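*Asks:* The following block contains the structure, expressed as structure tokens.
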Amino acid sequence: MSPAIHLQASDGPARLLLVDDEPQIVRALTPALTAAGYSVETAATGEAALSQMAGNPCDVVILDLGLPDMDGKEVIRRIREWSEAPIIVLSARDLESEKIAALDFGADDFVNKPVGVGELLARVRASLRGRERRFTAQPSFKAGDLEINFPNRRVQVQGDEVRLTPREYDLLRTLARHAGRVVTHKQVITSVWGPEAQVDAQFVRVLVAQLRQKLELEPSAPRIVLTEPGVGYRLKADDDA
Amino acid sequence: MDSERDTALRVAYFTYDVEAARFESLAAFGSSSGDLTLKIGPISSRTILRYAAAFAIVALFTGLAEYIYQLSHLLRLSALFLAAVLVVAYWLGAGPAYFAAFTAFLAFNFYILGGRTPLSFASWESILTLGVFFFTAMLTGSLTGRLRDEAQKAMVRARTTQILFDATRDFSATPDEAFIHERLAHHLAAAAGGGALVLTGAATFASPAGLAVSEDLRRRALALGEVDSAAGAVTTFAEGWSLRPLYADGVSLGVAAWRPPAGGKHAAEAQTLLAILADAGAAAVARAHLAAAKSNAEARARTEELRNALLSSISHDLRTPLAAIMASASSLQEFGETFDAATRRDLTATIQEESERMNAFVANLLNMTKLEAGALAVTRIRFGVQEVVDRTMRRQQLAHRRTVVEAAPFAELEASGDPVLFEQALGNVVENAIRYSPAGSTVRIACERADGEAVVRVTDEGPGVPGEDIGRIFDKFYRSPSVAATAGTGLGLSIARGFMEAMGGAVTAANRPKPERGLAVTLKLGLAPQ
Numbered sequence: 284m285s286p287a288i289h290l291q292a293s294d295g296p297a298r299l300l301l302v303d304d305e306p307q308i309v310r311a312l313t314p315a316l317t318a319a320g321y322s323v324e325t326a327a328t329g330e331a332a333l334s335q336m337a338g339n340p341c342d343v344v345i346l347d348l349g350l351p352d353m354d355g356k357e358v359i360r361r362i363r364e365w366s367e368a369p370i371i372v373l374s375a376r377d378l379e380s381e382k383i384a385a386l387d388f389g390a391d392d393f394v395n396k397p398v399g400v401g402e403l404l405a406r407v408r409a410s411l412r413g414r415e416r417r418f419t420a421q422p423s424f425k426a427g428d429l430e431i432n433f434p435n436r437r438v439q440v441q442g443d444e445v446r447l448t449p450r451e452y453d454l455l456r457t458l459a460r461h462a463g464r465v466v467t468h469k470q471v472i473t474s475v476w477g478p479e480a481q482v483d484a485q486f487v488r489v490l491v492a493q494l495r496q497k498l499e500l501e502p503s504a505p506r507i508v509l510t511e512p513g514v515g516y517r518l519k520a521d522d523d524a
Numbered sequence: 004m005d006s007e008r009d010t011a012l013r014v015a016y017f018t019y020d021v022e023a024a025r026f027e028s029l030a031a032f033g034s035s036s037g038d039l040t041l042k043i044g045p046i047s048s049r050t051i052l053r054y055a056a057a058f059a060i061v062a063l064f065t066g067l068a069e070y071i072y073q074l075s076h077l078l079r080l081s082a083l084f085l086a087a088v089l090v091v092a093y094w095l096g097a098g099p100a101y102f103a104a105f106t107a108f109l110a111f112n113f114y115i116l117g118g119r120t121p122l123s124f125a126s127w128e129s130i131l132t133l134g135v136f137f138f139t140a141m142l143t144g145s146l147t148g149r150l151r152d153e154a155q156k157a158m159v160r161a162r163t164t165q166i167l168f169d170a171t172r173d174f175s176a177t178p179d180e181a182f183i184h185e186r187l188a189h190h191l192a193a194a195a196g197g198g199a200l201v202l203t204g205a206a207t208f209a210s211p212a213g214l215a216v217s218e219d220l221r222r223r224a225l226a227l228g229e230v231d232s233a234a235g236a237v238t239t240f241a242e243g244w245s246l247r248p249l250y251a252d253g254v255s256l257g258v259a260a261w262r263p264p265a266g267g268k269h270a271a272e273a274q275t276l277l278a279i280l281a282d283a284g285a286a287a288v289a290r291a292h293l294a295a296a297k298s299n300a301e302a303r304a305r306t307e308e309l310r311n312a313l314l315s316s317i318s319h320d321l322r323t324p325l326a327a328i329m330a331s332a333s334s335l336q337e338f339g340e341t342f343d344a345a346t347r348r349d350l351t352a353t354i355q356e357e358s359e360r361m362n363a364f365v366a367n368l369l370n371m372t373k374l375e376a377g378a379l380a381v382t383r384i385r386f387g388v389q390e391v392v393d394r395t396m397r398r399q400q401l402a403h404r405r406t407v408v409e410a411a412p413f414a415e416l417e418a419s420g421d422p423v424l425f426e427q428a429l430g431n432v433v434e435n436a437i438r439y440s441p442a443g444s445t446v447r448i449a450c451e452r453a454d455g456e457a458v459v460r461v462t463d464e465g466p467g468v469p470g471e472d473i474g475r476i477f478d479k480f481y482r483s484p485s486v487a488a489t490a491g492t493g494l495g496l497s498i499a500r501g502f503m504e505a506m507g508g509a510v511t512a513a514n515r516p517k518p519e520r521g522l523a524v525t526l527k528l529g530l531a532p533q
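Protein sequence lines correspond, in order, to chains F and P. In terms of this note's numbering, the first sequence opens at residue 284 and continues consecutively. In terms of this note's numbering, the second sequence opens at residue 4 and continues consecutively.
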């Protein structure tokens, strides 16, 4: 495991807030997160998480959706009222609608329980990078074979220029903005067709298929634009496992 | 003439007798089918009686006139006879009035005047008298008739309203379809006088009970029910039967049939009322259908809700230990060298504890299935209760990192049963106590011997269970509202009860007496024979 790359705004190690009411999960995750170089705080209830965030804001929140005192979505909504800190939802629920709702409420990403610490750490890093990008607009994006030049809207795969339609480019740009993190169908529709558009998720699937035809070596086994079943899409980031 | 008009009226309004109905209570009408007989016969005894009454009145007035003549020798007494005609016309209607006019004229002319004045029968004065008598009879009789018509119409309206009211009140009393069909037949029969049937694909409802239904009628009725165009129409059939398909919301619900009493018939108004009655019944049946569909849908939704809750609960109970195991194992794999010995030990302990917890959960699910299928194998051996209690305590303390205290050790307590099942039942009860009481509070286990039984009591310091729900906590999937936020399947205690009862034991629960708080669950099992 390579040492973690910290891109937090403040000096010192990035601070994580781990919110889960199951003590064994907290016990199991804390050592690895600490070993990866983060300073880890924990909370067992939504109220505790909110007061901890208010007292000493953390850089990333890892949040279990099933809390004893309040719905995890409510915690997300209340954090988002004033904080832009990345929120990664950690959930044993396999209801797609819950994940979508959590993302639409402002969560940045989600991981399903059970999860290996390797994957969780990768998501934490992606979140921190995404936050970094929000503060400093990068003129270009590079991940694996893919390279995007934002000012002149140029896209290259393995150095070869790829010609995209305006919609395909908007989709790719949206995914790149959230590289490594999941983007829901609704988020894609909002940024490609506009917030008022009455567009079915089927349109998004068609557009993604078109984009894959142009970017992927093997469109049926995508390696750049990945599908999160039932939820949305994820653009593979540089250091994804 | 009179009897014709009268008959016409009677046929029009339901074959019942105006005079008789006047003295009938309206409520009694619906069921007194005996009064609904239609009379189309030539002259009824009542008519004869009315003419006789007219004759008697004229005779009375004649007597009065004779008496006045004897007193005063006045002969201008035609006004008195006019009064007699008026009285008859008012009381007895137009027919008897004409009869009275003629009789009064004869009595006046021949009895009072006869031989006393030079006036003859053919004189102008007597013709005038006769004319005035007849004119009075006609005018008064028709006025009285009209009054009666109005009264009768009002009564029929009231009766119609009453019939429909009674019927709809009956219909709305229940969502039971068979009952509505039965009441519809009853009300139709009461209104029609002869009898009624309600035929559905599955059953036939007849009123009066035991009414003979010919195969032809049944076939015709069922055929009608399948023809859309028959909706909203009354079809007639042999033996005076009228048929009306029961339709509501475009769905055929069967056929209603009715007939008048033998030899009678129904007028258009009566048929309309009966058809409305049938339609009200159809609407009630349709409403019952909807109510049944609604309650089915609600039951389905509840089942669905329960299934979702159960699935999400099982998924939570399986995935939480799995997540802890996965996180610990992957942490050890990725950071194994950098962790200190204590952290490594902690992580491996977590893996072990969580595996045990998962194993216990899977065992519970399996046993539940066996219990449901009746495939649970129960052995009956002598075992030490204390030993099982100790083992359960150790295991639960480890798994939950909570304090479980043994309040009353009882080394020589021996019970007869299946120690494996008893341990699982006790484990579920203790786990329940730990799960639903605040972290840091103590769970106590006490053993005793009472009434020839080994008794193990588990008490916690949790919120207890609301009084009215205490009996339900052993029901499968039941979860107390006071612990709704804590994950759980509602299976543990129901399995505990299943196991205890399979061994001939019992498990009960009670809130601890105030001021203590929490729940006390008691397991009882027969003592081993000495």
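Glycine included, each C-beta is placed from N, C-alpha and C at the ideal position. Remember, predicted model here, so these are calculated numbers, not experimental data.
Which residues in chain P have a C-beta closer than 8 Å to the C-beta of F:R225? List them in chain order.
*Replies:* This structure leaves residue 225 of chain F out entirely; chain F is present only between 284 and 524.
*Asks:* If we count the other Cβ atoms within 10 Å of its Cβ and call it buried at 16 or more, is P:H76 buried or exposed?
*Replies:* For the purposes of this step, residue 76 of chain P is taken as the residue at position 73 of the second sequence. Exposed, since its Cβ has fewer than 16 Cβ neighbours within 10 Å.
*Asks:* Determine the direct distance from the alpha carbon of P:D219 to that of P:D282, and round the result to whole angstroms.
*Replies:* Within the second sequence, the letter at position 279 stands for residue 282 of chain P. Within the second sequence, the letter at position 216 stands for residue 219 of chain P. Near 23 Å, if we compare the C-alpha coordinates of P:D219 and P:D282.
*Asks:* Compare the C-beta of P:D349 with all C-beta atoms of chain F and state if any pair is closer than 8 Å.
*Replies:* Residue 349 of chain P sits at position 346 when you count from the first residue of the second sequence. So, interface residue.
*Asks:* Could you tell me the distance, in whole angstroms, from the CA atom of P:K373 to the CA atom of P:A215?
*Replies:* For the purposes of this step, residue 373 of chain P is identified with residue 370 of the second sequence, where counting begins at 1. For the purposes of this step, residue 215 of chain P is identified with residue 212 of the second sequence, where counting begins at 1. If I take the Cα positions, the gap works out to 55 Å.
*Asks:* Start and end of the beta strand (DSSP E) containing P:V381?
*Replies:* In the second sequence, the residue the question calls residue 381 of chain P occupies position 378. Segment: none, P:V381 is in no beta strand (DSSP E) and carries neither H nor E.
*Asks:* Roughly how many angstroms lie between the CA atoms of P:N362 and F:D354, to the nearest whole one?
*Replies:* Here residue 362 of chain P refers to the residue found at position 359 when the second sequence is read from its first residue. Here residue 354 of chain F refers to the residue found at position 71 when the first sequence is read from its first residue. Straight-line Cα distance between these residues: approximately 29 Å.
*Asks:* What residues from chain F crowd round P:F342, counting only those whose CB sits closer than 8 Å?
*Replies:* If you number the second sequence from 1, residue 342 of chain P lands on position 339. In chain order: P314, A318.
*Asks:* Of the choices P:E180, P:K156, P:A378, P:L187, whose alpha-carbon is the least far from that of P:A170?
*Replies:* As a first step, residue 170 of chain P must be located in the second sequence, where it is residue number 167. For P:A170, the nearest C-alpha among the options comes from P:L187.
*Asks:* My assumption, with CB atoms under 8 Å, is that P:F408 sits in contact with P:T445. Please give the rounded CB distance.
*Replies:* In the second sequence, residue 408 of chain P corresponds to position 405, counting from 1. In the second sequence, residue 445 of chain P corresponds to position 442, counting from 1. According to the sequence shown, residue 408 of chain P is Val rather than Phe. At roughly 6 Å, the Cβ-Cβ gap stays under 8 Å, so P:V408 and P:T445 are in contact.
*Asks:* Using a cut-off of 7 Å between C-beta atoms, extract the partners of P:R397 located in chain F.
*Replies:* In the second sequence, counting from the first residue as 1, residue 397 of chain P sits at position 394. Those do not exist, as P:R397 stays about 18 Å from chain F at its closest Cβ, beyond 7 Å.
*Asks:* Using a C-beta to C-beta distance shorter than 7 Å, which residues of chain P count as neighbours of F:P512?
*Replies:* By one-based count along the first sequence, residue 512 of chain F stands at place 229. Correct list: empty, because the minimum Cβ distance to chain P is about 17 Å.
*Asks:* With a Cβ-Cβ cutoff of 8 Å, do P:Q399 and P:V433 count as a contact?
*Replies:* Residue mapping note: residue 399 of chain P aligns to position 396 of the second sequence, counting from 1. Residue mapping note: residue 433 of chain P aligns to position 430 of the second sequence, counting from 1. Cβ atoms of P:Q399 and P:V433: closer than 8 Å.
*Asks:* Taking Cβ-Cβ distances shorter than 7 Å, what residues in chain P pair up with F:E305?
*Replies:* If you number the first sequence from 1, residue 305 of chain F lands on position 22. Correct list: T323.
*Asks:* Identify the contact partners of F:G338 in chain P, using a Cβ-Cβ distance below 9 Å as the criterion.
*Replies:* Position 55 of the first sequence holds residue 338 of chain F. Neighbours of F:G338 on chain P: none; closest Cβ ~22 Å, over 9 Å.
*Asks:* State yes or no: is the C-beta of P:P178 within less than 8 Å of the C-beta of P:G198?
*Replies:* Stepping through the second sequence from its first residue, residue 178 of chain P is reached at position 175. Stepping through the second sequence from its first residue, residue 198 of chain P is reached at position 195. Going by C-beta atoms, P:P178 is not nearer than 8 Å to P:G198.
*Asks:* Can you find a C-beta in chain F that's less than 8 Å from the C-beta of P:F182?
*Replies:* The sequence position of residue 182 of chain P within the second sequence is 179, counting from 1. So no, P:F182 is outside the interface.
*Asks:* For F:G401, go through chain P and note every residue whose CB falls closer than 8 Å to its CB, in chain order.
*Replies:* In the first sequence, the residue the question calls residue 401 of chain F occupies position 118. Within chain P, the residues near F:G401 are S333, E337.
*Asks:* With P:R475 as the anchor, note down where its beta strand (DSSP E) starts and where it stops.
*Replies:* Position 472 of the second sequence, counted from the first residue, corresponds to residue 475 of chain P. Careful: P:R475 lies outside any beta strand (DSSP E) and carries neither H nor E.
*Asks:* From the DSSP output, which residues share a beta bridge with F:D443?
*Replies:* As a position in the first sequence, residue 443 of chain F is number 160, starting the count at 1. Paired residues: F:V440.
*Asks:* Considering just the uninterrupted stretch of the alpha helix (DSSP H) at F:A337, what are its terminal residues?
*Replies:* Within the first sequence, numbered from 1, the residue matching residue 337 of chain F stands at position 54. Start and end: 329-338.
*Asks:* Anything in chain P within Cβ reach of F:G442, meaning under 8 Å, just list it in chain order.
*Replies:* Sequence index remark: in the first sequence, residue 442 of chain F carries index 159 (1-based). Neighbours of F:G442 on chain P: none; closest Cβ ~34 Å, over 8 Å.
*Asks:* Where P:S483 and P:S497 are concerned, what is the direct C-alpha to C-alpha distance, given to the nearest angstrom?
*Replies:* Residue numbering aside, residue 483 of chain P sits at position 480 when the second sequence is read from its first letter. Residue numbering aside, residue 497 of chain P sits at position 494 when the second sequence is read from its first letter. One C-alpha to the other measures close to 13 Å.
*Asks:* What do you get for P:P412, buried or exposed, if any count of 16 or more other CB atoms within 10 angstroms of its CB means buried?
*Replies:* Sequence index remark: in the second sequence, residue 412 of chain P carries index 409 (1-based). By the 10 Å Cβ count, P:P412 comes out exposed.
*Asks:* Name the residues in the segment 389-413 of chain F whose C-beta lies less than 9 Å from a C-beta of chain P; which are they?
*Replies:* Here the close residues are N395, K396, P397, V398, G399, V400, G401, E402, L403, L404.
*Asks:* Of all the alpha helix (DSSP H) runs that stay within the bounds of the segment 333-414 of chain P, which reach a length of 4 or more residues?
*Replies:* Listed in chain order, the complete alpha helix (DSSP H) runs (minimum 4 residues) inside the segment 333-414 of chain P are 344-376, 388-403.
*Asks:* Output the distance between the C-alpha atoms of P:A295 and P:D252, rounded to the nearest integer angstrom.
*Replies:* As a first step, residue 295 of chain P must be located in the second sequence, where it is residue number 292. As a first step, residue 252 of chain P must be located in the second sequence, where it is residue number 249. Distance between the alpha carbons of P:A295 and P:D252: 16 Å.
*Asks:* Which chain P residues are close to F:I370, counting only those with a beta carbon under 9 Å from its beta carbon?
*Replies:* Indexing the first sequence from 1 puts residue 370 of chain F at position 87. What F:I370 touches in chain P: nothing, since even the nearest Cβ is about 18 Å away.
*Asks:* Output the residue ranges of the beta strand (DSSP E) runs that lie fully inside the segment 211-298 of chain P and measure 3 residues or longer, sorted by chain position.
*Replies:* Whole beta strand (DSSP E) segments, 3+ residues: 245-251, 254-262.
*Asks:* On the three-pair Cβ rule with 8 Å, is the segment 138-154 of chain P touching the segment 95-109 of chain P?
*Replies:* Segments in contact, yes.
*Asks:* How far does the alpha helix (DSSP H) with P:N431 in it reach, from first residue to last?
*Replies:* In the second sequence, residue 431 of chain P corresponds to position 428, counting from 1. Unbroken alpha helix (DSSP H) run through P:N431: 422-438.
*Asks:* How would you call P:P248, buried or exposed, if buried means at least 16 neighbouring beta carbons within 10 angstroms?
*Replies:* Along the second sequence, one-based indexing puts residue 248 of chain P at 245. Buried: at least 16 other Cβ atoms inside 10 Å.
*Asks:* Should P:L309 be labelled buried (16 or more other beta-carbon atoms within 10 Å of its own) or exposed?
*Replies:* Mapped onto the second sequence, residue 309 of chain P falls at position 306. Its Cβ having fewer than 16 others within 10 Å, P:L309 is exposed.
*Asks:* DSSP three-state call for P:Y101: helix, strand or coil?
*Replies:* As a position in the second sequence, residue 101 of chain P is number 98, starting the count at 1. Residue state, collapsed to three classes: helix.
*Asks:* Cβ atoms of F:A390 and F:L342: under 8 Å apart, would you say?
*Replies:* In the first sequence, the residue the question calls residue 342 of chain F occupies position 59. In the first sequence, the residue the question calls residue 390 of chain F occupies position 107. Strictly speaking, residue 342 of chain F in this sequence is Asp, with Leu absent from that position. Not in contact: F:D342 and F:A390 (Cβ atoms no closer than 8 Å).
*Asks:* At what residues does the alpha helix (DSSP H) containing P:G148 begin and finish?
*Replies:* For the purposes of this step, residue 148 of chain P is taken as residue 145 along the second sequence, with counting starting at 1. First-last of the alpha helix (DSSP H) with P:G148: 127-175.
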